[in-house]
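K.L.:
Numbering (mature numbering (1 follows the signal peptide of the UniProt record, and there is no 0)), first residue to last: -16 to -1, 1 to 275. Beta carbons: idealized from backbone N, C-alpha and C, even for Gly. Mind having a look at this structure? Questions to follow.
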C-alpha cells in the first residue's frame, strides 16, 4: 500500500513539473505571437481563395477598369479588418468587357501575361465580396515601398506631433475636437475595409508638417519637450505591455511552483509515514528476553 502511495506521489510530482513548464511556455508563446492588429500576413494559397477571387471579379461592373482575366493565382496576403482584406497576386491579361457586360474571369485564349495584384474585401455577415483595386504588380510594389517610407516616421517626429496636438488643443487625430467621424474613427474606411495608421492620417491631412515649424521657440525646444510630454505616453504604454506580459509569466510560474510544492509535501508525508510504520514493525518483532 505504501509503495503504491509513493508511486502516486512521484507521478503527481512529475505531472506538476510538466504542467508548470508547459504553462510558462504557453505564456511566452502567447507574448511572442502578439502582433499589431490589422497587419498583412502571407498565407498558403487554397481553393477557397481562388473561388473568392473569381467570384469578386465576376461581380465587377462593366464600367470598372481595368478588366483582367486570370490564368494563375500565385500568392495570397490577408488582413483582418471589419471582415477580411485579400491581396491576390495573379498572372493574367488585360481584356475588354464582353458585349453582355459580364466580366470574363478566366483567360480563354493566348494573351500577353502580366502580373497583377487584385485587392478584395469580404464581409461574410453582410454577404459582401468586392474588388477594391487592381494594379500592376510593379506599381503595387512601388506603392508599398512609398507607404513603408511614409510609415517610417521617426520617434522624434511622433513626439513632436503629439506635443503639437496638445498645444493646439486638437483631438488625437489632429482635427478639431468637435469633428465627428463615421464609425467613431477616421482610420477605418467601412466601404473598402481599409485602415491607416494614426500618424499616417495626420501627416496626410497636414502635409506641411506644422509641428516642425510652428515657431522659433518650438523649433529650439520642440524635440526635448515632445520627448518629455509626447514620447512618455508611448514609453508608458510599452512598459505597461511588458509588465502585463511579465505578470502573466510570474503567475504561471507561481502556479506551477505551488503545484510542485504541494506534490513535495505529499511525498514527504508519505515518506515519514513509511518510516514510522517501519520502526513500529521493528519494535514489535523484537522478542522479549526472560530475566
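1. Rounded to the nearest angstrom, what separates residue 162 and residue 154 at their Cα positions?
2. Quick one: any contact between the region 58 to 77 and the region 25 to 32, if contact means 3 or more CB pairs under 8 Å?
3. Drop a sphere of 10 angstroms on the beta-carbon of residue 69, count the other beta-carbons inside from all chains shown, and report buried for 16 or more, exposed for fewer.
4. For my contact list, residue 44 and residue 115 are in at a C-beta cut-off of 8 Å; report their separation, rounded to the angstrom.
5. Return helix, strand or coil for residue 108, following the three-state DSSP convention.
6. What are the partner residues of residue 73, as DSSP defines its beta bridges?
7. Quick one: what does DSSP say residue 120 is sitting in, helix, strand or coil?
8. Apart from the five residues on each side of it in sequence, which residues of its chain come closer than 7 Å, Cβ to Cβ, to residue 79?
9. Whose C-beta lies closer than 6 Å to the C-beta of residue 172 among residues of the same chain, with five residues either side of it excluded?
10. Indicate the three-state DSSP secondary structure (helix, strand or coil) for residue 52 in the structure shown.
11. Secondary structure at residue 172, three-state DSSP: helix, strand or coil?
12. Taking all protein chains shown into account, do 16 or more other C-beta atoms lie within 10 angstroms of the C-beta of residue 191, making it buried, or fewer, making it exposed?
13. So is residue 168 buried or exposed if we call it buried at 16+ other beta carbons inside 10 Å?
14. Output the boundary residues of the beta strand (DSSP E) element that contains residue 182.
15. Please report the distance separating the alpha-carbon of residue 39 from that of residue 100.
16. Can you check DSSP and say which residues form a bridge with residue 162?
17. Measure the Cβ-Cβ separation of residue 104 and residue 37 and say whether it is below 8 Å.
18. Residue 32 to residue 97, Cα distance in whole Å?
19. Would residue 64 be called buried (16 or more neighbouring beta carbons within 10 Å of its own) or exposed?
20. Roughly how many angstroms lie between the CA atoms of residue 140 and residue 111, to the nearest whole one?
P.N.:
Let me lay it out:
1. Counted from its first residue, the chain shown places residue 162 at position 178. Counted from its first residue, the chain shown places residue 154 at position 170. Looking at the two C-alpha atoms, the distance is approximately 9 Å.
2. yes
3. Here the question's residue 69 lines up with position 85 in the chain shown. Buried, by the Cβ-count rule.
4. On the chain shown, position 60 is the one that residue 44 refers to. On the chain shown, position 131 is the one that residue 115 refers to. Indeed, because the Cβ distance is near 6 Å, the residues count as touching under 8 Å.
5. Residue mapping note: residue 108 aligns to position 124 of the chain shown, counting from 1. Residue 108: helix per DSSP, three-state reduction.
6. Against the chain shown, residue 73 aligns to sequence position 89. According to DSSP, residue 73 bridges with 59, 101.
7. Taking the chain shown and counting its residues from 1, one reaches residue 120 at position 136. DSSP places residue 120 in strand when its eight states are reduced to three.
8. Residue numbering aside, residue 79 sits at position 95 when the chain shown is read from its first letter. Here the set comprises 51, 52, 53, 88.
9. For this step, residue 172 is matched to residue 188 along the chain shown. These residues qualify, in order along the chain: 179.
10. Within the chain shown, residue 52 is the residue found at index 68, counting from 1. It is a strand residue.
11. For this step, residue 172 is matched to residue 188 along the chain shown. DSSP places residue 172 in strand when its eight states are reduced to three.
12. Against the chain shown, residue 191 aligns to sequence position 207. Counting Cβ neighbours within 10 Å, residue 191 comes out exposed, since fewer than 16 surround it.
13. Against the chain shown, residue 168 aligns to sequence position 184. Exposed, by the Cβ-count rule.
14. Looking up residue 182 in the chain shown gives position 198. Element bounds for residue 182: not the beta strand (DSSP E) but the alpha helix (DSSP H), 182 to 189.
15. Residue 39 sits at position 55 when you count from the first residue of the chain shown. Residue 100 sits at position 116 when you count from the first residue of the chain shown. Roughly 17 Å separates the two Cα atoms.
16. For the purposes of this step, residue 162 is identified with residue 178 of the chain shown, where counting begins at 1. Residue 162 is not bridged to any residue.
17. Here residue 104 refers to the residue found at position 120 when the chain shown is read from its first residue. Here residue 37 refers to the residue found at position 53 when the chain shown is read from its first residue. Yes.
18. Counted from its first residue, the chain shown places residue 32 at position 48. Counted from its first residue, the chain shown places residue 97 at position 113. Near 23 Å, if we compare the C-alpha coordinates of residue 97 and residue 32.
19. The residue given as residue 64 occupies position 80 in the chain shown. That one is exposed.
20. In the chain shown, counting from the first residue as 1, residue 140 sits at position 156. In the chain shown, counting from the first residue as 1, residue 111 sits at position 127. Those two C-alpha atoms are separated by around 44 Å.
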